[in-house]
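2 protein chains.
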Amino acid sequence: MEWKPDLSSETPLYSQIKDFIKNKISLGEWAVGTKIPSQRALAERFDVNRSTVVTALSDLIAEGLLEGNTRGGTRVINNSWNLLAASPPPDWSSYVQAGTYYPNQPAIQHINRAEFQDGIIRLGTGELSPELLPSEEMKKIFENSSLNPFSLGYEEPKGNQYLREQIAAYLQGIGVQTSPSNILIVSGSLQALQLISIGLLQRGSSILLEKPSYLYSVHVFQSSAIKLVGLPMDEEGIQTNQISRYKEGYNASLLYTIPTFHNPTSTLMSEPRRQELMRICADEGLPIIEDDAYRELWFETPPPPPLKSRDPNALVLYLGSLSKTLSPGLRIGWVVAPEPVIDRLADIKMQNDYGSSSVSQWAAAEWLGRGLYQEHLVYVREQLKRRRDLAVQLLKSNFTEIASWSVPAGGFYIWVRLIVDVPMQMLFERALKAGILLNPGSIYDRNAGSYLRISYAYAKLHELEWGIEYLAEMIKELVGVSKK
Amino acid sequence: MEWKPDLSSETPLYSQIKDFIKNKISLGEWAVGTKIPSQRALAERFDVNRSTVVTALSDLIAEGLLEGNTRGGTRVINNSWNLLAASPPPDWSSYVQAGTYYPNQPAIQHINRAEFQDGIIRLGTGELSPELLPSEEMKKIFENSSLNPFSLGYEEPKGNQYLREQIAAYLQGIGVQTSPSNILIVSGSLQALQLISIGLLQRGSSILLEKPSYLYSVHVFQSSAIKLVGLPMDEEGIQTNQISRYKEGYNASLLYTIPTFHNPTSTLMSEPRRQELMRICADEGLPIIEDDAYRELWFETPPPPPLKSRDPNALVLYLGSLSKTLSPGLRIGWVVAPEPVIDRLADIKMQNDYGSSSVSQWAAAEWLGRGLYQEHLVYVREQLKRRRDLAVQLLKSNFTEIASWSVPAGGFYIWVRLIVDVPMQMLFERALKAGILLNPGSIYDRNAGSYLRISYAYAKLHELEWGIEYLAEMIKELVGVSKK
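Each protein sequence line maps, in turn, to chains C and V.
Counting along the first sequence from 1, when you hit position 118 you're at 118 in UniProt numbering, and nothing is skipped either side.
Counting along the second sequence from 1, when you hit position 339 you're at 339 in UniProt numbering, and nothing is skipped either side.
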């Protein structure tokens, strides 16, 4: 994918690397002021010894293009043109730091990059395995597009009308009565949260949520100066006894919850808890964001109906998505809410991206409209159940002495608590070196440093097997080491 | 599309409408507190006399579900359940007003809605006509997807690698040297601006731009508390003599420009002006956003090379898009910038929507990679030129006495200045009633109240013909009327 020096060339490796870097500088890709990657990172990227990189960089420093500093960082200080320019080029680093949006947590940035390394085993990834994604059926849908041709133009602000009709019909099946004008098509649930954060909430407000929560792993609310206030969970879901106190104390505007197969714990909120939550939020006039992306991924019995299906007072902004069940790449999700809210969010979406891909919307509508989605769900449930069973069995064989967990009734994740004292950062790095990518619990709750989110959805079966076994070995070894 | 009362039913129309509204209220679609549409709007929506609506609403007021006020507005005050609830439901209107993002201008909201009315002639729409969109070829691309199968999973943070390679190759053809790691795939240029506004700029900063500008028609920067500062244009493009003074006076962080077939004026920045602009911005250390969405839509001769092709100091953030040339519905555009900037924007995009549709990215890469895009461009240029010629001829025949304009050398628009005194709001409304949708100049510049952005790209040829003729008649009549 990336350029690497040509081992068969007569030009020495360090010289090829010099030319490559010079070219990047002269094209402005590494503009003056850019801090270039570390020697170690460059050596990895070019697949050469670090000494080769050091030689190349020393030459470029001598030529006045780069400047090293005492802490080991190297910056671009010149290019062939800027010596002629009257004033220095813009300091892009200061721009990068000026924006109001929070960067991803370093751990997440690391994971986002590592996910695309060749041959990596992704033990924490919250996606269906590529082998479970229906590529062949998708191809057929496009081949049959004459039946209901797709448009290449923009869609209506709320999204394709036919898709919204199909979603309304689908929602009826899970107990949610609504109509197309109360549905907004979004590019996945995350975008829905982004629109809510800039469309419905004031800077300085706060929202309540489960702790741990997926929501801590992104900065969609914090970047709009909205605070997240975590409530503890138990095996029935979010604990409701504190809601009134927290609502008052933090002047909370919303409660965000994933009642069905919660991310990262897979907790399924019980029916009594759902009723209690709705009662308390109605009493408090506290609206709810119900994120229901995992609902269809049940194994033994369907989950209780959504909060939205018992919502006469229009408390609930309901989020659904095809990303966890059909195809993350389609980027299709939906929001169901009172009409003024949908109108507002649609208006902002038009100013953000002019609506979601019409090709994706068309394909989603075909999946729903032809009944193929329901068929596919049956298949995915079966496959995920097998994977869950395998993962649980592997944990039993390898993790019994070192961890505890609950068996999920649906969804993607096992929330594994290590009961031995493991330096998690070290585990993460060692695992990555061995080709295993982990999602540490601290991403979802700063205090969940002893947890791992293990996903049985993504890796291939033999990867799961090898990965979980190897991970257990590594932990046991680390515990041994740290006991020394 | 929307529900309408059944004329053939024995149930009276007002009674059908009552039931419809009751249902909306009881489902929470019109939650308690919602201001429902005006009597006139409802009459239009249901295709009935206003008196029928008045009867239905009066009944619902009598039943205690609605409340009218003296200024004619009607609100939902009860539903069948909330009388039992301990406290009132959330006041969604206050949420809608609380969000930090600016709503679209009322004129734009109106246009966004009107665009999807049946049979409307869209004389201002900045899109290719559906008949110019290559639906058949797109279908074939999907049929041949076995050659290079598409993924249904997420893509890398910067976007699909193969697509970025194709874009790098395409950019080389227009003089821009870059590599895939300096390219970010976005869901259209508007999203690029959104990412820049939250990723690179401080609240309270300002950006310089042409006046008029497309950018005034969205609130992407203003919603992040960034000010737009307009610079005058002449026939060679943005006037450069004020840049230094404005940069200092407003502490501007960026300059946004559409040098090639500017939206809405179609101005093509001359080669000397491009050089001057680059020189001044280099001297000032003022970075540039170059929005180049219209570049390929030239008629007689290709435009001068992009600013980005003469940018050794990495001043330019370059935006390209397939929306104006191939398919707006794909939602595929790109940003070219120094690597730290691209990394930053990619990181934020991951937190906003986890990347653009992978199906769209795949299709875009196929168009570029198989050479089909270049073929399609030849066709689009021909067709657009014919349309430009027709529009200019129609203007000559009908608008000579009442307006002035320049003939565009590319792009979609003729920036028509009415030289008679027409009440523009009235013209807009009358035209809409007659089935013609206009884009008034004031959308792009508060002081351009006497301008219209006429687009020859969208309407069918006979619609263009009838629409422009009818519009001229209407204006002449209005001028007559206003002279009385």
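Note that CB positions come from ideal geometry on N, CA and C, so glycine has one too.
These figures come from a predicted structure and were not determined experimentally.
The Cβ atoms of Phe261/C and Arg388/C do not sit closer than 8 Å to each other. For Ala365/C, the closest Cβ of chain V is not nearer than 8 Å. Residues of the same chain with a CB within less than 7 Å of the CB of Gln239/V, apart from the 5 flanking positions on each side, are Leu231, Pro232, Met233 in chain order. Closer than 8 Å to the CB of His219/C there is at least one CB belonging to chain V. Taking the beta carbon of Thr100/V as reference, the chain C residues within 9 Å of it are Ser197, Ile198, Gly199, Leu201, Gln202, Arg203, Ser224, Ala225, listed in sequence order.
Note that the region 296-310 of chain C does not touch the region 102-120 of chain V; fewer than 3 beta-carbon pairs, one per stretch, sit closer than 8 Å. Assigned with DSSP and collapsed to three states, Tyr256/V falls in strand. A direct Cα-to-Cα measurement between Lys460/V and Cys281/C gives close to 53 Å. The criterion of a C-beta distance shorter than 8 Å is satisfied by Ile454/C and Ile414/C.
DSSP, read as helix, strand or coil, puts Met233/C in strand. Taking every protein chain shown into account, the CB of Met426/V has fewer than 16 other CB atoms within 10 angstroms, so this residue is exposed.
Look at the beta carbons and you see the region 135-148 of chain V not touching the region 311-318 of chain V: under three pairs across the two are nearer than 8 Å. DSSP, reduced to helix, strand and coil, places Arg417/C within a strand of the structure shown. If you draw a straight line from the Cα of Lys158/V to the Cα of Gly175/V, it comes to about 22 Å. Nearest C-alpha to Glu63/C among Ser94/C, Ile21/C, Pro103/C, Leu200/C: Ile21/C. When only Cα atoms are considered, Glu284/C and Ala98/V end up about 19 Å apart. Taken in chain order, the unbroken stretches of beta strand (DSSP E) that lie wholly in the region 324-389 of chain C and span 3 residues or more are 333-336. Judged by DSSP in its simplified three-state form, Trp92/V adopts helix. Taken atom to atom, the span from the alpha-carbon of Pro259/C to that of Ile288/C is near 11 Å. Put simply, of Gln161/V, Glu235/V, Ser253/V, Gly153/V the residue whose alpha carbon is nearest the alpha carbon of Leu201/V is Ser253/V.
In the DSSP annotation of this structure, Ile185/V is not part of any alpha helix (DSSP H); the continuous beta strand (DSSP E) holding it starts and ends at 183-186. Boundaries of the beta strand (DSSP E) around Gly68/C: 66-68.
Separation of Gly467/V and Arg430/V (C-alpha to C-alpha, rounded to the nearest whole angstrom) is 13 Å.
Pairwise C-beta distances place the region 185-201 of chain C in contact with the region 218-227 of chain C, as three or more of them are shorter than 8 Å. Boundaries of the beta strand (DSSP E) around Gly320/V: 316-321. Between Leu13/C and Phe116/C, the alpha-carbon positions lie close to 26 Å from each other. Between the C-alpha atoms of Leu452/C and Asn398/C there is a straight-line separation of about 15 Å. By the Cβ criterion, the region 171-191 of chain V is in contact with the region 315-335 of chain V, since at least three pairs of Cβ atoms, one from each stretch, lie closer than 8 Å. Under a 10 Å Cβ-count criterion, Ile25/V is classified as buried, with 16 or more other Cβ atoms of the shown protein chains found around its own Cβ. Straight-line measurement puts the Cα of Ser213/C at about 15 Å from the Cα of Ser450/C.
Taking a C-beta cut-off of 8 Å against chain V, the contacting residues of the region 301-313 of chain C are Asp311, Pro312, Asn313, listed in chain order. Residue pairing for Arg453/V: DSSP places it in a beta bridge opposite Trp415/V, Asn439/V.
Chain C places a beta carbon closer than 8 Å to that of Thr34/V, counting this residue as a contact. Annotated three-state conformation of Arg122/V is strand, per DSSP.
When the Cα atoms are used, Pro106/V and Arg75/V turn out to be separated by approximately 21 Å. Annotation for Lys308/V: no beta strand (DSSP E) segment contains it, and DSSP assigns it neither H nor E.
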